[in-house]
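Keeping their order, the protein sequence lines are chains H and V. Take 1 as the starting number for the first sequence in my numbering and just add one per residue. Take 114 as the starting number for the second sequence in my numbering and just add one per residue. One structure is given here, and the rest of the page talks about it.
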Amino acid sequence: LAKTTQPISMDSYEGQEVNITCSHNNIATNDYITWYQQFPSQGPRFIIQGYKTKVTNEVASLFIPADRKSSTLSLPRVSLSDTAVYYCLVGAFDTGGGNKLTFGTGTQLKVEL
Amino acid sequence: GAVVSQHPSWVICKSGTSVKIECRSLDFQATTMFWYRQFPKQSLMLMATSNEGSKATYEQGVEKDKFLINHASLTLSTLTVTSAHPEDSSFYICSATVVGQGSNQPQHFGDGTRLSIL
Numbered sequence: 001l002a003k004t005t006q007p008i009s010m011d012s013y014e015g016q017e018v019n020i021t022c023s024h025n026n027i028a029t030n031d032y033i034t035w036y037q038q039f040p041s042q043g044p045r046f047i048i049q050g051y052k053t054k055v056t057n058e059v060a061s062l063f064i065p066a067d068r069k070s071s072t073l074s075l076p077r078v079s080l081s082d083t084a085v086y087y088c089l090v091g092a093f094d095t096g097g098g099n100k101l102t103f104g105t106g107t108q109l110k111v112e113l
Numbered sequence: 114g115a116v117v118s119q120h121p122s123w124v125i126c127k128s129g130t131s132v133k134i135e136c137r138s139l140d141f142q143a144t145t146m147f148w149y150r151q152f153p154k155q156s157l158m159l160m161a162t163s164n165e166g167s168k169a170t171y172e173q174g175v176e177k178d179k180f181l182i183n184h185a186s187l188t189l190s191t192l193t194v195t196s197a198h199p200e201d202s203s204f205y206i207c208s209a210t211v212v213g214q215g216s217n218q219p220q221h222f223g224d225g226t227r228l229s230i231l
């Protein structure tokens, strides 16, 4: 299983760009990288997913270098409501319906005024 | 789209009671559902993987006789905590996804069930 490492916490201010990096040195060829956001007492919410290079959607960008041993979630202009725990998930599903999934330790992002 | 509903959201019961938690995919058919457990200020820990129509696959250290999982249809999986004790108190979260469509489909999570055993 690909083990992931993230910073435990980060602080930012409203309007700033926030970049959270996840290390996954033993990522496998079939593994995808997925980021989730979790608020207290709620289930994680899907943010973005990628395999290589760069992926962008309406809320975030995901940068993955060529060796895929790390990834960076970029939140362009954070607001107070972005205060949450962000998880990096590395894994894949085999065709037999099995799973190889690992949640990272999570990064607590705190956004202040 | 991709909504997963989990019920109940909170349950408090006496030690020795069995508790059933339901996980439903409301607008898609889930080939695979997962059950996680989360302690305060910790990450999610995968308990088991549930495929429709087959027995669940449990992670190492998870007692299959303690945590009974049933996945009878493509939209419903249940987790039953049998003879619950205070140490079973936790936040239980399910997720659902579709496997085998050629690309990795993300997991979609329910909002969790807070289980408190007195």
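Using N, Cα and C, we set each Cβ at its ideal position, and we do this for glycine too.
7 Å Cβ cut-off: residues of chain H touching residue i
i       : result
D224(V) : Q42 and G43
I206(V) : G43
Cβ shell of residue i (< 7 Å), same chain only, five flanking positions each side left out
i       : result
A143(V) : L187, T188, A209, T210 and V211
S118(V) : R137, L139 and G223
T165(V) : Reading the sequence as shown, one finds Glu at residue 165(V) and not Thr. Cβ neighbours of E165(V) beyond the five flanking positions: T144, H184, S186 and L187.
F63(H)  : K54, S71, T72 and S74
N30(H)  : A92
Contact under 8 Å by Cβ, residue i with residue j
i       : j       : result
I182(V) : D201(V) : no
C207(V) : S196(V) : no
D224(V) : S138(V) : no
T21(H)  : S70(H)  : yes
T83(H)  : L109(H) : yes
Y51(H)  : Y36(H)  : no
L80(H)  : E14(H)  : yes
Whole-Å CB distance - residue i paired with residue j, under 8 Å assumed
i       : j      : result
G106(H) : V85(H) : 5 Å
H221(V) : F46(H) : 7 Å
V59(H)  : S12(H) : With a Cβ gap of about 15 Å, V59(H) and S12(H) do not count as contacting.
Proximal residues of chain H, C-beta to C-beta of residue i below 8 Å
i       : result
L157(V) : P44, Y87 and F103
Neighbourhood of residue i by C-beta, 8 Å cutoff - its chain only, sequence neighbours within 5 removed
i       : result
G98(H)  : Unreliable positioning characterises G98(H) in this predicted model, as indicated by a pLDDT of 49, which lies under 50. A coordinate reading is not provided.
T95(H)  : Residue placement at T95(H) cannot be trusted, given a pLDDT of 46 that sits under 50; what the coordinates show is reported in the next sentence. Cβ within range, chain order: n/a, list empty.
F180(V) : W148, M160, A161, Y171, L192, T193, V194 and T195
S131(V) : T193, V194, T195, S196 and A197
P44(H)  : Y36, Q37, Q38 and Y87
Cutoff 6 Å; reference residue i; Cβ partners in own chain excluding five residues on either side
i       : result
E135(V) : H120 and T191
P7(H)   : T107
N19(H)  : T72 and S74
V116(V) : L139 and D140
S128(V) : H198 and I230
T34(H)  : Q49 and L89
T5(H)   : S23
The ligand PLP heavy atom lying under 7 Å from the CB of residue i
i       : result
S156(V) : The ligand PLP is not part of this structure, which contains no ligands at all.
Within chain V, partners of residue i - CB distance below 8 Å
i      : result
T29(H) : Correct list: empty, because the minimum Cβ distance to chain V is about 12 Å.
Proximal chain H residues relative to residue i, where beta-carbon distance stays under 9 Å
i       : result
R227(V) : S41
Cross-chain neighbours of residue i in chain V, by beta carbon under 7 Å
i      : result
T34(H) : P219
G15(H) : None at all; the shortest Cβ gap to chain V is about 28 Å.
Can you check the region 115–152 of chain V for any beta strand (DSSP E) of at least 3 residues that lies completely inside it and give the ranges in chain order?
117–120, 123–126, 132–138 and 145–151
Which runs of the beta strand (DSSP E) at least 3 residues long sit entirely within the region 18–78 of chain H? Give them in chain order.
18–23, 32–38, 45–50, 53–56, 61–64 and 70–75
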